[in-house]
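**Q** This structure is in structure tokens; I'll ask about it shortly.
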Amino acid sequence: MSATTFDAAAAARAWRPPPLIATPWLRYAVYLGALAYALLAVSTIEVNWTRAAEGVERAGRFLGGFFPPDFITKRSDILEGLLESLTMTVVATGLGILLSIPVALGAARNLAPLPVYLFCRGIIAISRTFQEIIIAIVFVAMLGFGPLAGTLTLAFATIGFMAKLIAEDIEDIQASQAEAVRATGSSWFQLLAWGVLPQVRPRLIGLSAYRLDINFRESAVLGLVGAGGIGDTLNTSFDRYEFDTAAAVLIVIIVIVLACEYASGFIRRKVQ
Amino acid sequence: MLLTIEGLTKRYPTGDLALDKVDLQVPAGQVMALIGPSGAGKSTLIRCVNRLVEPSAGRVQLDGVELTALGSAALRRARRRMGMIFQEYALVERLTVMENVLSGRLGYVGFWASWFRRFPRKDVEEAFRLLDRVGLAHMADKRADALSGGQRQRVGIVRALMQDPKLLLVDEPTASLDPKTSRQIMRLIVELCAERGLAAIINIHDVALAQQFARRIVGLRAGRIVFDGPAEELRAEALTDIYGEEDWSQTIRPAEEEDEAAEAAL
């Protein structure tokens with residue numbers, strides 16, 4: 001034992017908590033680099049203050065046009081757009097989840113062989129690369145204006161989102177549980193149903209609820225490029241300078257998004 | 273001979289040789305303990321028997337069927353006759369006790385029947401009978417993760433028995449349990465094997481437990497069998513062969529306890 005010669009008190013004084021980046025020169029290079037970048041970035045911003053001041057006044061007038069919100073005059077248009085959006089959302093979410101499950105299985109390295117894995121990861125990458133608006137423009141060009149283009153857009157975006165997150169959850173399952181199911185002589189589909197699904201089900205349900213919520217918000221935006229839904233109603237009211245109706249549409253969107261968010265949060269808490 | 277293993281070799285893709293030409297025979301109804309240091313290849317050996325791990329070379333025969341030559345459908349049918357019990361229980365934690373037990377029948381029912389949990393009435397009856405045998409019938413609808421370690425392992429045992437196996441492959445059944453529960457679980461496994469005429473290969477770290485509950489002990493070291501004999505012949509020299517140099521005088525069971533232990537093994 002070296003207990004007689006080892007000075008624990010001195011060692012304790014000399015001890016420092018380990019830094020985030022262990023190599024000293026790299027640590028200071030990263031800190032200085034970040035500082036220099038921030039200074040350079042701020043110095044290149046040009047602000048035209050007179051233009052900004054005019055803008056504030058114009059924004060005030062523009063927002064003033066929103067009051068009071070008018071739910072009555074275009075009531076049937078708002079209602080129609082709303083129903084269209086909700087239909088798009090539900091159909092697209094359902095379709096997207098259905099299609100995302102096989103992609104997720106293929107994109108989980110612990111279930112799929114390498115070629116299948118790469119193919120499914122490719123689908124996910126494509127779906128996640130393009131922003132919904134871009135996909136919507138393509139679908140509108142292919143299928144014409146209307147909710148069909150919007151629905152397909154949302155379904156396509158749902159595939160990438162769900163498949164990626166579910167695949168990651170599948171890769172994180174406890175292998176021993178799946179192995180035990182395999183050891184009973186189960187078929188591959190039984191392995192999925194008994195060894196994998198019970199482990200990913202809470203995440204699957206939670207993400208589905210979350211995606212429903214996202215899809216409704218997106219459906220409001222997609223209308224701006226003619227892909228149907230309440231976004232169309234909003235766009236039309238702006239085009240006609242009916243800002244009071246636009247305000248009503250915005251309020252409706254806000255209320256529904258809040259309701260969706262609350263509901264999906266509630267569902268996610270319940271299944272955890 | 274129920275199980276015949278010839279020249280079984282497993283080399284992992286990393287290059288590690290886990291099993292090196294292992295020959296082993298297990299007659300019907302024999303409970304055999306497989307001991308050896310961590311990494312000796314015990315887990316690999318039993319997983320090569322039901323081909324959860326694919327052997328690199330060698331042959332495994334169960335009841336005259338050459339397992340190593342089977343296609344995937346025939347392998348699934350053959351797996352039904354080999355119940356497996358795991359170290360960390362490996363229950364599907366979000367399923368109920370009854371669902372876990374019934375999962376032992378997956379090899380016997382079709383996909384949709386299993387999806388809707390529509391198992392034959394006699395399977396459910398057998399499940400309740402076995403759960404009652406291990407004292408857990410009242411827990412049937414509890415979720416598996418609500419159980420204690422000993423209870424989970426009992427459910428794991430019942431799941432394996434539901435397969436109507438000829439052979440139990442048991443991987444460190446007591447590694448996560450306290451000493452008392454370990455003994456209870458080992459006793460339960462040995463009793464059930466005797467009741468149903470099952471053979472068992474039990475991987476186990478604890479030499480004293482192995483000696484207490486198995487009459488035959490096989491020692492594995494670095495993928496080779498270095499000891500194979502009755503429990504009472506396991507002496508200090510044999511343990512040194514298996515594990516390396518150490519003071520074994522306190523590990524080996526004193527002679528006067530042997531009768532009592534032999535009784536327990538029956």
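Chains A and U, in that order, are what the protein sequence lines are. Take the first sequence: its letter number 222 is residue 222 in my numbering, and every next letter is one higher. With positions in the second sequence counted from 1, the corresponding number in my numbering is that position plus 272. Backbone N, C-alpha and C fix where the C-beta goes; we use that ideal spot for every residue, glycine too.
1. Residues of chain D with CB under 8 Å from residue 360 of chain U, in chain order?
2. According to DSSP, is residue 502 of chain U helix, strand or coil?
3. List the DSSP bridge partners of residue 496 of chain U.
4. I want to verify the contact list: residues of chain U whose CB lies under 8 Å from the CB of residue 190 of chain A, in sequence order.
5. Counting Cβ pairs, one atom from each stretch, are 3 or more of them under 8 Å apart for the region 331-346 of chain U and the region 504-512 of chain U?
6. Let me check understanding here. Comparing Cα to Cα, which of A/254, A/238, A/261, A/39 lies closest to residue 62 of chain A?
7. Pick out the complete alpha helix (DSSP H) segments inside the region 152-204 of chain A, 4 residues or longer, and give them in chain order.
8. I want to verify the contact list: residues of chain A whose CB lies under 8 Å from the CB of residue 364 of chain U, in sequence order.
9. For residue 414 of chain U versus residue 368 of chain U, is the C-beta distance shorter than 8 Å?
10. Taking the straight line between their C-alpha atoms, what separation do you get for residue 147 of chain A and residue 246 of chain A?
11. Sort A/217, A/241, A/270, A/229 by Cα distance to residue 254 of chain A and report the nearest one.
12. When DSSP labels each residue in this structure, what does residue 289 of chain U get in the three-state scheme?
13. Bridge partners of residue 443 of chain U, per DSSP?
14. Would you verify that the beta carbon of residue 44 of chain A is, or is not, closer than 8 Å to some beta carbon of chain U?
15. What is the DSSP secondary structure of residue 403 of chain U, reduced to helix, strand or coil?
16. In angstroms, rounded to a whole number, what distance separates the CA positions of residue 429 of chain U and residue 461 of chain U?
17. For residue 110 of chain A, count neighbouring Cβ atoms within 10 angstroms of its own Cβ and tell me buried if that reaches 16, exposed if not.
18. Rounded to whole angstroms, what's the CA-CA distance from residue 174 of chain A to residue 95 of chain A? Just pull it up for me.
19. Quick check on the burial criterion: 16 or more other C-beta atoms within 10 angstroms. Buried or exposed for residue 15 of chain A?
20. Among A/203, A/192, A/193, which has the Cα closest to the Cα of residue 169 of chain A?
21. Do you know how far the Cα of residue 141 of chain A is from the Cα of residue 257 of chain A?
22. Could you check where the alpha helix (DSSP H) with residue 93 of chain A kicks off and where it finishes?
23. Give a yes or no on whether the minimum CB-CB distance between residue 1 of chain A and chain U is below 8 Å.
24. Exposed or buried, what is residue 310 of chain U when buried is set at 16 or more other beta-carbons lying within 10 Å of its beta-carbon?
25. For residue 1 of chain A, count neighbouring C-beta atoms within 10 Å of its own C-beta (all shown protein chains included) and say buried if the count is 16 or more, exposed if not.
26. I need the DSSP call for residue 524 of chain U, collapsed to helix, strand or coil.
27. Would you kindly check if the distance between the Cβ of residue 330 of chain U and the Cβ of residue 281 of chain U is under 8 Å?
28. Please list, in chain order, the chain A residues whose beta carbon lies closer than 8 Å to that of residue 322 of chain U.
29. When DSSP builds the beta bridges, which residues end up paired with residue 488 of chain U?
30. The beta strand (DSSP E) with residue 329 of chain U in it runs from where to where?
31. Considering only the beta carbon of each residue, do residue 376 of chain U and residue 435 of chain U sit closer than 8 Å?
32. Identify the contact partners of residue 187 of chain A in chain U, using a Cβ-Cβ distance below 7 Å as the criterion.
33. Note the first and the last residue of the continuous beta strand (DSSP E) segment covering residue 275 of chain U.
34. Note down the Cα distance separating residue 66 of chain A from residue 191 of chain A, rounded to an integer number of angstroms.
35. Relative to the alpha-carbon of residue 297 of chain U, which residue among U/500, U/360, U/347 has its alpha-carbon at the smallest distance?
36. Quick check on residue 24 of chain A: buried or exposed, where buried means 16 or more other Cβ atoms within 10 Å of its Cβ?
**A** Walking through what the data contain:
1. No chain D appears in the structure shown, which is made up of the protein chains A and U.
2. DSSP places residue 502 of chain U in strand when its eight states are reduced to three.
3. Partner(s): U/493.
4. Under the 8 Å cutoff, chain U gives 378, 383, 386.
5. No: the two stretches stay apart, fewer than three of their Cβ pairs being nearer than 8 Å.
6. Ranking A/254, A/238, A/261, A/39 by CA distance to the CA of residue 62 of chain A puts A/238 first.
7. Here the runs fully enclosed are 175-183.
8. Within 8 Å Cβ-Cβ: 177, 180, 181, 194, 195, 198, 199.
9. Yes. Within cutoff.
10. Looking at the two C-alpha atoms, the distance is approximately 20 Å.
11. Ranking A/217, A/241, A/270, A/229 by Cα distance to residue 254 of chain A puts A/217 first.
12. Three-state DSSP puts residue 289 of chain U in a strand.
13. Residue pairing for residue 443 of chain U: DSSP places it in a beta bridge opposite U/475.
14. Against chain U, the CB of residue 44 of chain A has no partner CB under 8 Å away; the residue lies outside that interface.
15. Here residue 403 of chain U carries a helix assignment [DSSP, helix/strand/coil].
16. Each residue's alpha carbon lies about 8 Å from the other.
17. Classification of residue 110 of chain A: exposed, given that the 10 Å Cβ count is below 16.
18. In this structure, the CA atom of residue 174 of chain A is about 29 Å from the CA atom of residue 95 of chain A.
19. In summary, residue 15 of chain A is exposed, with fewer than 16 beta-carbon neighbours lying within 10 Å of its beta-carbon over all protein chains present.
20. Nearest C-alpha to residue 169 of chain A: A/203.
21. Their Cα atoms are separated by approximately 28 Å.
22. It spans 75-106 - the alpha helix (DSSP H) in which residue 93 of chain A sits, taken as one unbroken run.
23. Low confidence applies here, because residue 1 of chain A scores a pLDDT of 49, under 50, leaving its location unreliable and the question unanswered by this model.
24. Exposed is the call here.
25. For residue 1 of chain A, the predicted model reports a pLDDT of 49, less than 50, meaning its position is unreliable; a value from the coordinates is still stated below. Exposed, since its Cβ has fewer than 16 Cβ neighbours within 10 Å.
26. In this structure, residue 524 of chain U counts as coil in the three-state DSSP scheme.
27. The beta carbons of residue 281 of chain U and residue 330 of chain U sit closer together than 8 Å.
28. Per Cβ cutoff of 8 Å: 183.
29. Residue 488 of chain U is bridged to U/304, U/502.
30. Here the beta strand (DSSP E) through residue 329 of chain U covers 329-334.
31. Yes, Cβ-Cβ distance for residue 376 of chain U and residue 435 of chain U is below 8 Å.
32. Those within 7 Å of residue 187 of chain A in chain U are 348, 383.
33. For residue 275 of chain U, the enclosing beta strand (DSSP E) starts and ends at 275-283.
34. Whole-angstrom Cα-Cα distance: 57 Å.
35. Comparing Cα positions, the closest option is U/500.
36. The residue in question, residue 24 of chain A, is exposed, as its Cβ has fewer than 16 Cβ neighbours within 10 Å.
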